[in-house]
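Asks: Take a look at this one; I'll ask things after.
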Amino acid sequence: MPAQDPSEPNSGSDFVYYRYEPSLAAAAIFVSLFALASAIHLFQMIRTRTWFMIPFIIGAVLEAAGYVGRVLSANENPGPYTQLPFILQVVFLLIAPTFFAASIYMELGRIVLMVNGGAALFIRRTWLTKIFVTGDCIAFVIQAAGATILSSGGSNTDLGNTIIIVGLVFQIIAFGLFVVAAALFHFRMLKVPTQLAQERPWTKHMISLYVISMLIFIRSLVRVVEYVQGNAGTIMSHEVYIYIFDAVLMLSAVAIMNVVHPGEVARYVREMRVPKAEKPARRWNRFGRHGSHEALRENMEMA
């Protein structure tokens, strides 16, 4: 479909790239902020060797690239708008949070290891990370496919719209289950803490994960409403919503992770590692047969 000037009249069923003139200033500001936050994260990751933060940095870079697309579109005001910048901003802004989620899931696994709290999980720590990261990959593929179809325009826009909604709903469900799993672990560790949980500052990292997860959760809910309304809906017709419910929320998530960086978690985990030959066999189950507090303490002393 050819690009259209959003200032010309359109019926509610028409698909157009923008129903407003994209703001150059707003887009440029968020390009700069996300680029700065990405650079800080890169420095922090290298300094602290938190390689599991690579997906998070990719997500922040995609956010910056998405707003570069909006800068390019804004330079075409008042239209007609070319397709490539529109595709960049649609696809990159849609999929970026899935990369944030991957690092968040991996950080929880390391927090569990940091406090020697595997017994407080309802499944094995390694399986916890694998399950949620796999789910995140599925959400990424679904949303990327939907965004590509939608942004190409033409007769398949409704299909692309539906696929995006499915991907977002899948992501919301996965995040909900993740928060439940994290909260259950948190509650059990507070109730019957290991010695390491009493000595190490793990709760601030848990709170950071909760806040970031909630920001992504809210953003995804608004995105579902946006795509349910469609191209002529209130959210897609007013630029302010993408900045309030996407740019600001996702920048806040990136900044929070800058401030409460998991480098501290990674350092404690590295300190706990011993050669495999020296690792004793586990002699207890989750909240084991010998009593939960004693079992957790015994495992901590043996590790």
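Numbering (my numbering), first residue to last: 3 to 305.
Here a beta-carbon is modelled for each residue, glycine too, at the ideal position from N, C-alpha and C.
On a predicted model such as this, the values are computed, not experimentally measured, just so you know.
1) Got a sec: is the Cβ-Cβ distance from A234 to anything in chain D below 8 Å?
2) Quick one: what does DSSP say R126 is sitting in, helix, strand or coil?
3) When you compare only the Cα positions, how much space is there between V63 and V117?
4) Touching or not, the segment 196 to 211 and the segment 151 to 168, by the rule of three or more beta carbon pairs under 8 Å?
5) What are the boundary residues of the alpha helix (DSSP H) that includes E109?
6) Just tell me which of T164, I60 and L110 has its CA closest to the CA of V182.
7) Within the continuous alpha helix (DSSP H) that includes M55, where are the two ends?
8) Give me the Cα-Cα distance between I125 and E201, rounded to the nearest whole angstrom.
9) For R21, which three-state DSSP category applies?
10) Would the segment 125 to 137 and the segment 219 to 232 be scored as touching if the rule is three or more Cβ pairs under 8 Å?
11) Exposed or buried, what is A185 when buried is set at 16 or more other beta-carbons lying within 10 Å of its beta-carbon?
12) Hey, could you find the ends of the alpha helix (DSSP H) T164 is sitting in?
13) Within the same chain, show all residues whose beta-carbon is closer than 7 Å to that of E241, passing over the 5 residues directly before and after it, in chain order.
14) Using a Cβ-Cβ cutoff of less than 7 Å, which residues in the same chain neighbour V213 once the five nearest sequence positions on both sides are dropped?
15) Tell me which residues share the same chain as Y243 and place their Cβ nearer than 6 Å to its Cβ, disregarding the 5 neighbours each side in the sequence.
16) Go through its chain and collect everything with a Cβ distance to A67's Cβ below 8 Å, but skip five positions before and after it.
17) Which value, in whole angstroms, describes the spacing of the CA atoms of A268 and G148?
18) Touch check for the segment 69 to 86 and the segment 41 to 52: three-plus C-beta pairs under 8 Å?
19) Which stretch, first to last residue, makes up the alpha helix (DSSP H) that contains I214?
Replies: Walking through what the data contain:
1) Considering every chain present, this structure includes no chain D. It has just one protein chain.
2) coil
3) 32 Å
4) no
5) Q85 to M116
6) L110
7) No alpha helix (DSSP H) contains M55, which DSSP labels as neither H nor E.
8) 24 Å
9) coil
10) no
11) exposed
12) T159 to K193
13) Y22, P24 and S25
14) I258
15) I237
16) L90 and F94
17) 36 Å
18) no
19) T205 to Q231
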